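For the sequence shown, the positions run 1 to 309 when UniProt numbering is used.
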Amino acid sequence: MNNADAVLSKNKNDLDESKVIVFLGRTGSGKTSLFNLLSNSNQPLGNSVSSRTKKFFYKKFHDVTYIDTIGFRDTENENDHKLKVVLFLKEIRNGFDIIFYCIRMDVFTSDEANLFSEVYETVLTRKAYDNSCLLITFYTRPDIDEVNTLDSAERQRLLDEFRCNNRYSEILDYFENRIFFIDIKQEEDLNNYSFGSTKYIQYKALNDMIFERKQIVYKHLNQFIEYFFPERFDCENMKTMRDIIYRNDELEQQLNELRDIVSDVANERATTNFYDILRFMPITNMFIDVFEISRREKLQRRINNVLKK
Numbered sequence: 001m002n003n004a005d006a007v008l009s010k011n012k013n014d015l016d017e018s019k020v021i022v023f024l025g026r027t028g029s030g031k032t033s034l035f036n037l038l039s040n041s042n043q044p045l046g047n048s049v050s051s052r053t054k055k056f057f058y059k060k061f062h063d064v065t066y067i068d069t070i071g072f073r074d075t076e077n078e079n080d081h082k083l084k085v086v087l088f089l090k091e092i093r094n095g096f097d098i099i100f101y102c103i104r105m106d107v108f109t110s111d112e113a114n115l116f117s118e119v120y121e122t123v124l125t126r127k128a129y130d131n132s133c134l135l136i137t138f139y140t141r142p143d144i145d146e147v148n149t150l151d152s153a154e155r156q157r158l159l160d161e162f163r164c165n166n167r168y169s170e171i172l173d174y175f176e177n178r179i180f181f182i183d184i185k186q187e188e189d190l191n192n193y194s195f196g197s198t199k200y201i202q203y204k205a206l207n208d209m210i211f212e213r214k215q216i217v218y219k220h221l222n223q224f225i226e227y228f229f230p231e232r233f234d235c236e237n238m239k240t241m242r243d244i245i246y247r248n249d250e251l252e253q254q255l256n257e258l259r260d261i262v263s264d265v266a267n268e269r270a271t272t273n274f275y276d277i278l279r280f281m282p283i284t285n286m287f288i289d290v291f292e293i294s295r296r297e298k299l300q301r302r303i304n305n306v307l308k309k
């Protein structure tokens, strides 16, 4: 097994030893594609409607730990969305260095803008902007190298174009010059076509162009990762929320254990009625009293053990 096929690292201690990069954004914004590109991984890809990323993945590659996250708001169920935010907070308990926040160039709607605001205003707080880089994905124009070159005329013209859009203009300034335009189009599987056929030749040429554009993206993002050293982000707001989450988990576990005890007591009611009948029999009365005392003591011990946790 080579590095490209290596199993994703599950050793969370890596998060303390290397630069940590988190990919955030809506389902279908290109997080997993970028995760695969930068971490030399091969995670399955979803689409703009449904996500294939159902849990967090870690991969340490060239002394950088990459974290691919589940997409926010890929469901209309608000409770599911909140649960994903909770899972995110629990997973990044050690903090992180860089956020790559991904938005699609072609579908930055008002709902997308609201999600962006929720993530930075509520979940992370504005302090996280200092650690963030905006990745505008699905960029298909040919000048991908020029628009990602700092101070180039093409880049300035494109940024001015985006600032004319009210929704983009509201967020671009938060990232200063930490903005990249990304093409994450996937190569066609040439095994689906006969070697040398017209379609094979066409898709082979297209794949070569896609590969070249990916290498340009890889070059610019790696340069950014190499030279960008913000203070590790772990604000007090997130610590407080994590403490609440952990305490809630403990209380939920205690509640489940108490429910089991109540269920056991309810199941014993029928048996208790049988004991009441036996009490009319003098020979068994003494043994019933001893059993009742023992049962109550065991029940009290179980409850005390739960409440001590």
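Ideal Cβ placement from N, Cα and C applies to all residues, glycine included. Only a predicted model underlies this, so the values are computations on that prediction, with no experimental measurement involved.
Problem set entry | Reduced DSSP secondary structure (H/G/I, E/B, other) of arginine 178 | Three-state result, arginine 178: coil.
For this session: Mark serine 194 as exposed unless 16 or more other C-beta atoms lie within 10 angstroms of its C-beta, in which case mark it buried.
Result: Serine 194 comes out exposed.
Exercise. Can you tell me whether residue 312 is buried or exposed, with buried defined as 16 or more other CB within 10 angstroms of its CB?
Worked result: With the chain represented from 1 up to 309, any question about residue 312 goes unanswered, as that position is not in the structure.
Problem set entry | Proximity to arginine 126 [Cα-Cα], best of Phe175, Tyr139, Arg247, Lys214 | Phe175
Exercise. Would DSSP call aspartate 249 helix, strand or coil?
Worked result: helix
For this session: Please list, in chain order, all residues of the same chain as arginine 104 whose beta carbon is under 6 angstroms from its beta carbon, the five residues on each side excluded.
Result: Ser29, Thr137, Phe138
Problem set entry | Among Leu255, Tyr203, Phe233, Gln215, nearest to asparagine 131 - alpha-carbon criterion | Phe233
Exercise. So the beta strand (DSSP E) lysine 60 belongs to, where does it begin and stop?
Worked result: Note, lysine 60: beta strand (DSSP E), 57-61.
Problem set entry | Option in Tyr120, Phe57, Lys31, Lys19 with minimal Cα separation from aspartate 63 | Lys19
For this session: Tell me the start and end of each unbroken alpha helix (DSSP H) in the segment 162-209 that is at least 4 residues and wholly inside, in chain order.
Result: Along the segment 162-209, the alpha helix (DSSP H) occurs as fully enclosed runs of 4 or more residues at 166-172, listed in sequence order.
Problem set entry | Same chain, Cβ closer than 7 angstroms to aspartate 145, neighbours up to 5 away in sequence not counted | Ile216
Exercise. Near glutamate 112, which residues of its chain fall below 7 angstroms by C-beta distance, leaving aside the five closest residues on each side in sequence?
Worked result: Arg26, Ile103
Exercise. How big is the Cα-Cα spacing for threonine 198 and asparagine 192?
Worked result: 12 angstroms
For this session: Please report how far the alpha carbon of asparagine 305 lies from the alpha carbon of arginine 247, in whole angstroms.
Result: 17 angstroms
For this session: Report the rounded CA-to-CA distance for glutamine 43 versus asparagine 36, giving the unit in angstroms.
Result: 6 angstroms
Problem set entry | As assigned by DSSP and simplified to three states, the class of threonine 32 | helix
For this session: In the DSSP assignment, find the unbroken alpha helix (DSSP H) run with serine 117 in it and report its ends.
Result: 110-118
For this session: Find the nearest neighbour of isoleucine 99 within the set Cys133, Ser117, Phe116, judged by alpha-carbon distance.
Result: Cys133
For this session: Assign isoleucine 21 to one of two classes, buried (16 or more other C-beta atoms within 10 Å of its C-beta) or exposed (fewer than that).
Result: buried
Problem set entry | beta strand (DSSP E) segment containing isoleucine 70, residue limits | Where isoleucine 70 is concerned, there is no enclosing beta strand (DSSP E), given that its DSSP letter is neither H nor E.
For this session: Just the C-alpha distance for glutamate 121 and tyrosine 101, rounded to the nearest angstrom, thanks.
Result: 14 angstroms
Problem set entry | DSSP beta-bridge partners of lysine 127 | BP columns for lysine 127 are empty, so no partner.
For this session: Quick one: using the 10 Å Cβ neighbour count with 16 as the cut-off for buried, is arginine 213 buried or exposed?
Result: Its Cβ being crowded by 16 or more others within 10 Å, arginine 213 is buried.
Exercise. Since valine 147 and phenylalanine 181 are thought to touch, with beta carbons under 8 angstroms apart, how far apart are those beta carbons, to the nearest angstrom?
Worked result: 5 angstroms
Exercise. Looking at the unbroken alpha helix (DSSP H) that takes in residue 316, where does it start and where does it end?
Worked result: The structure shown does not extend to residue 316, since the chain spans only 1 to 309, so no value can be given for it.
Problem set entry | Own chain, CB closer than 6 angstroms to aspartate 143, minus 5 neighbours either side, in chain order | Glu154
Problem set entry | Cut-off 6 angstroms between Cβ atoms - residues of its own chain near serine 152, not counting five sequence neighbours on either side | If the five residues before and after serine 152 are omitted, its C-beta is found closer than 6 angstroms to the C-beta atoms of Glu146, all from its own chain and listed in chain order.
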